[in-house]
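S.K.: In the UniProt record's numbering, the protein residues as written are 1 to 213.
C-beta: ideal position from N, C-alpha, C; glycine also.
Dropping the structure in here first, questions after.
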């Protein structure tokens, strides 16, 4: 089975633009989590399948970045806690089941990073999730994704300790973007795992360039 066999139409394909390695790893993790939910399969199995396909003599599948694999495996392992956290902080009349699949996948990646990867600054995880939402969805979606993640970030100490939480605080203002890691070529020239087409950690720094794709 190849990426070409698993194409769907969730969201629009964003224009290609070179980004840092971490952004690209997150984006592919979102794609894989989206595909796994749409097909009702284990996302870790998709990663393993992509790894095998990328090792063929003439692969049409990009290699899986280490950080993509780390996100997917971590999110799959902690899925119940990640989903419960998202549901707890959804704003207004939204429920977890009403979320579009691609936005649910973006939130899962970001919440896993917030809860389980302290090497990533919260502002970086939030900023990149909002960028990804802008690539695939609407301004309205960006607003509620940002609001949910701000609320989670405001309770990180309590959430990480596993203690009962107080009422979610006012949403934080996130003004500083994440830095871009050096650009990679992970999926150049290959079929990608974009949601619309089918579906380690190094400490990160911040970059004032916050122009969405």
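Spatial neighbours of residue 43 within its chain, please: CB distance less than 7 Å, with the 5 preceding and 5 following residues excluded, ordered by chain position.
M.R.: Answer for residue 43: 32, 33, 36, 72 and 76, listed in chain order.
S.K.: For residue 10, which three-state DSSP category applies?
M.R.: Bear in mind that the predicted position of residue 10 carries a pLDDT of just 44, short of 50, making it unreliable; the figure below should be weighed with that in mind. Coil, per DSSP.
S.K.: Taking three-plus beta-carbon pairs below 8 Å as touching, is the segment 88–102 in contact with the segment 118–128?
M.R.: Contact between the segment 88–102 and the segment 118–128 is absent, because fewer than three Cβ pairs lie under 8 Å.
S.K.: Under 8 Å, do residue 113 and residue 141 count as touching if we go by C-beta distance?
M.R.: No.
S.K.: Under 8 Å, do residue 107 and residue 126 count as touching if we go by C-beta distance?
M.R.: Cβ distance not < 8 Å, so residue 107 and residue 126 don't count as in contact.
S.K.: Quick check on this structure: which residue in 59, 30 and 88 has the alpha carbon closest to the alpha carbon of residue 136?
M.R.: When each option's Cα is compared against that of residue 136, the closest is 30.
S.K.: Look at the alpha carbon of residue 98 and the alpha carbon of residue 90, and state the distance between them as a whole number of angstroms.
M.R.: Using only the alpha carbons, I get a separation of about 11 Å.
S.K.: Tell me the DSSP secondary structure of residue 134 in three-state form.
M.R.: Reduced to three states, the DSSP call for residue 134 is helix.
S.K.: According to DSSP, is residue 44 part of a helix, a strand, or is it coil?
M.R.: DSSP places residue 44 in helix when its eight states are reduced to three.
S.K.: Going by alpha carbons, who is nearest to residue 115 out of 138, 83 and 41?
M.R.: Per the Cα distances, 83.
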